[in-house]
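Structure, as structure tokens:
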């Protein structure tokens with residue numbers, strides 16, 4: 001039982017459970033122990049009638065005051081705090097307001113009363129970075145009692161929907177929660193093991209099931225099949241979540257297994273709670289025995305194609321995992337067939353080829369999300385980029401890996417580990433560019449997690465050839481080119497606006513003004529999207545991390561000064577901005593009688609090789625003292641070149657009028673550190689992998705970065721194409737892009753050769 005003087009006892013004790021609309025505010029800090037997501041059901045709108053259109057998700061938050069824990073529901077109007085990763089586990093919250101409300105299921109407190117001891121959080125103050133937003137560490141939160149409870153509580157369940165499991169926070173493919181732990185043998189399985197040798201012989205085969213179903217035999221078409229089927233799992237699909245807001249289903253999951261015996265193959269569908277009990281236990285290559293299942297016509301398949309339906313009731317299926325040695329030799333199902341291709345062989349394969357690959361990871365990108373292409377565009381799917389090397393060619397294997405319902409494996413992917421990807425599909429993006437991505441049955445296995453020793457592919461020749469090559473490699477050579485995290489895009493975007501328009505079939509779909517702002521405001525945490533906009537680059541700034549005053553910037557002063565003002569360029573030097581301005585510019589007016597001569601001579605001194613043409617930007621240069629930036633400075637001059645032959649160089653009067661006081665240096669928006677790739681540090685691989693997954697937090701200066709400089713662009717006006725956090729500007733820069741949703745600023749980070757993928 002929680003102490004009587006705990007924060008929750010003092011705060012919630014003042015609330016009146018009969019006044020659902022009243023709210024009490026907790027002025028003391030609370031720790032966020034956990035955030036859990038689930039989907040609405042038919043009854044959820046009763047609890048939030050004003051938030052029916054706020055999305056399909058609900059969030060339960062577990063809070064603690066240090067003495068006890070409390071599970072509350074986040075008001076749907078605050079969902080955006082979680083969707084944009086503003087509210088996350090481990091934070092300290094202030095001024096949390098709670099309102100007593102009804103509940104669909106009782107909270108973890110066993111002594112709770114329905115409708116009186118359940119709360120929702122209607123408002124809260126979330127501290128920003130550096131505002132004491134980090135919670136306490138070293139506390140065993142699971143050992144704390146629940147508010148209002150004096151005995152141990154059952155596993156948590158959603159408060160505002162009749163669901164038995166929670167969803168992962170960032171996708172609908174992985175599983176989440178302790179209920180998905182590997183289940184112990186069931187009573188049915190133990191009874192079956194006592195059947196002796198007779199239980200190791202199938203009493204029905206796949207071909208007999210198919211023939212009986214097609215012939216209309218009553219025991220197969222209408223009832224449950226009581227005979228034992230012994231098959232091997234050939235393929236395993238990711239989980240599919242089919243929960244809907246207009247239907248009630250406690251555990252709306254399904255998964256597909258491709259099974260085979262010596263007579264044929266068939267698909268088995270695991271439904272609902274069977275997935276919770278068995279999905280993690282079953283893997284490709286296992287031999288399983290099935291009883292009490294139903295046979296149906298396969299959904300959206302040709303006539304005559306059947307599938308097996310495995311349910312937890314009506315009837316309750318019996319599943320058992322059988323050792324291969326326990327099955328009679330004449331009934332042992334065929335082994336799994338793999339199709340391994342090396343990097344050289346992949347180059348010659350056609351589009352949509354399904355293959356298996358093995359390689360050493362040299363790049364592991366950060367987890368990102370995109371909208372699904374199911375027609376609705378509502379669900380966010382999670383993916384990351386991987387780069388494999390196998391020694392067969394100089395061309396690495398690029399993999400765009402989506403979630404495969406193996407969260408433990410994905411969380412521990414890191415460079416210098418050996419990865420095997422099965423049933424990957426080849427995508428031909430162009431004649432020169434290709435990559436692998438998920439198929440319906442993709443699975444991944446990584447070294448360090450005990451996967452490879454359990455799989456039959458370890459004895460195959462392609463795998464042994466790769467291991468022979470790997471033994472010739474030195475650790476230092478592999479680690480020197482290993483990168484982790486950061487923003488990455490592949491394949492490279494089109495090299496010109498013309499190519500881009502051809503791919504879009506002449507429909508660029510420009511976003512303007514409020515449309516762009518609305519599109520940016522809809523983006524969620526680490527969501528990636530492509531926009532086509534119209535804009536003018538008014539300011540360009542080159543910066544280096546940790547060197548705020550070593551900054552190169554140039555700006556179009558016509559946007560903020562006079563119509564005839566010019567573009568001013570400041571190279572990176574050791575002086576600060578105020579000294580730089582006073583040493584170059586003069587605020588005194590120029591004599592109109594000799595303005596032509598003065599301006600022309602001054603420009604010729606500064607730009608002796610080439611003078612800007614009419615209406616081209618006029619450039620003022622400071623003598624360069626830092627020879628380390630000569631190449632970059634010369635490359636940046638490309639921004640100022642005018643290739644329009646119609647522009648003349650005979651009108652310098654306009655330039656003479658541009659001698660005005662230099663503008664103030666631009667305010668460079670902060671750069672998101674997680675967009676920088678890190679040099680892989682094997683001694684701290686666990687810490688690095690934790691920073692690049694969804695919800696990971698990067699500590700500035702903790703690890704060496706592969707790049708340390710970037711460009712910042714401020715936009716206004718004409719046509720301009722960019723990829724959100726992409727890799728190329730047309731006719732301008734090549735680099736990475738991040739867009740500020742408020743000021744429409746983009747920050748690009750240049751690629752160095754070491755991080756070129």
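Residue numbers (the UniProt record's numbering): 1 to 757.
All C-beta atoms in this analysis are idealised placements derived from N, C-alpha and C, irrespective of residue type, glycine included.
In angstroms with no decimal places, state the Cα-to-Cα distance between residue i and residue j.
i: residue 451; j: residue 155; result: 29 Å
i: residue 245; j: residue 45; result: 9 Å
i: residue 469; j: residue 462; result: 11 Å
i: residue 361; j: residue 157; result: 38 Å
i: residue 396; j: residue 464; result: 19 Å
i: residue 759; j: residue 101; result: Here the chain covers residues 1 to 757 and nothing more, so residue 759 does not appear.
i: residue 527; j: residue 519; result: 12 Å
i: residue 720; j: residue 714; result: Note that residue 720 scores 39 on pLDDT, short of 50, meaning its location in the model is unreliable; the coordinates nonetheless yield the value given after this. Cα-Cα distance, rounded: 12 Å.
i: residue 57; j: residue 80; result: 11 Å
i: residue 763; j: residue 710; result: Residue numbering for the chain in the displayed model covers 1 to 757; residue 763 lies beyond these limits and cannot be assessed.
i: residue 124; j: residue 481; result: 45 Å
i: residue 73; j: residue 387; result: 41 Å
i: residue 179; j: residue 669; result: 44 Å
i: residue 271; j: residue 293; result: 11 Å
i: residue 402; j: residue 366; result: 12 Å
i: residue 460; j: residue 467; result: 11 Å
i: residue 211; j: residue 254; result: 26 Å
i: residue 541; j: residue 510; result: 25 Å
i: residue 321; j: residue 282; result: 8 Å
Taking the alpha carbon of residue i as the reference point, which residue from the options has its own alpha carbon closest?
i: residue 278; options: 303, 234 and 239; result: 239
i: residue 287; options: 328, 249 and 29; result: 328
i: residue 431; options: 423, 315, 491 and 475; result: 491
i: residue 426; options: 418, 448 and 398; result: 398
i: residue 324; options: 232, 391 and 241; result: 232
i: residue 69; options: 280, 7, 57 and 78; result: 7
i: residue 227; options: 208, 242 and 215; result: 208
i: residue 140; options: 90, 459 and 224; result: 90
i: residue 357; options: 128, 429 and 340; result: 340
i: residue 75; options: 701, 297, 392 and 50; result: 50
i: residue 708; options: 336, 531 and 677; result: 677
i: residue 22; options: 259, 460, 705 and 98; result: 98
i: residue 675; options: 690, 705, 685 and 687; result: 705
i: residue 299; options: 269, 449 and 276; result: 269
i: residue 66; options: 55, 78, 43 and 28; result: 28
i: residue 121; options: 77, 552 and 553; result: 77
Run the proximity test for residue i: is its beta-carbon closer than 7 Å to any non-hydrogen atom belonging to the ligand ATP?
i: residue 141; result: This structure does not include the ligand ATP; it has no bound ligands of any sort.
For residue i versus residue j, is the C-beta distance shorter than 8 Å?
i: residue 159; j: residue 71; result: yes
i: residue 164; j: residue 250; result: yes
i: residue 512; j: residue 534; result: yes
i: residue 265; j: residue 234; result: yes
i: residue 372; j: residue 175; result: no
i: residue 419; j: residue 359; result: yes
i: residue 88; j: residue 695; result: yes
i: residue 25; j: residue 85; result: no
i: residue 241; j: residue 479; result: no
i: residue 331; j: residue 202; result: yes
i: residue 161; j: residue 41; result: yes
i: residue 274; j: residue 267; result: no
i: residue 456; j: residue 285; result: yes
i: residue 381; j: residue 295; result: no
i: residue 689; j: residue 673; result: no
i: residue 92; j: residue 129; result: no
i: residue 392; j: residue 342; result: yes
i: residue 258; j: residue 441; result: yes
Of all the CB atoms in chain D, is at least one closer than 8 Å to the CB of residue i?
i: residue 77; result: The displayed structure is made up of one protein chain only, and chain D is not part of it.
Could you say if the region 31-46 and the region 166-176 meet the contact criterion of at least three C-beta pairs nearer than 8 Å? Here the region 31-46 makes contact with the region 166-176; the two share three or more CB pairs at distances below 8 Å.
Does the region 411-419 come close enough to the region 347-355 that 3 or more CB-CB pairs lie under 8 Å? The region 411-419 and the region 347-355 do not touch, with fewer than three beta-carbon pairs separated by less than 8 Å.
Hey, is the region 481-495 in contact with the region 515-524, meaning 3+ C-beta pairs nearer than 8 Å? No: the two stretches stay apart, fewer than three of their Cβ pairs being nearer than 8 Å.
Can you give, in chain order, each stretch of the beta strand (DSSP E) that sits fully within the region 392-470 and has at least 3 residues? With a minimum length of 3 residues, the continuous beta strand (DSSP E) runs that stay inside the region 392-470 are 397-402, 418-428 and 434-446.
Counting Cβ pairs closer than 8 Å, one from the region 297-317 and one from the region 333-350, do we hit at least three? Not touching, per the Cβ criterion.
Would you say the region 473-483 touches the region 429-449, given that touching needs at least three Cβ pairs under 8 Å? With the cut-off at 8 Å, the region 473-483 and the region 429-449 do not touch.
Going along the chain, which unbroken runs of the alpha helix (DSSP H) with 4 or more residues stay wholly within the region 195-275? Complete alpha helix (DSSP H) runs here, min 4: 206-214 and 218-221.
Counting only runs of 4+ residues fully inside the region 327-396, write out the alpha helix (DSSP H) ranges in chain order. Correct list: 343-346.
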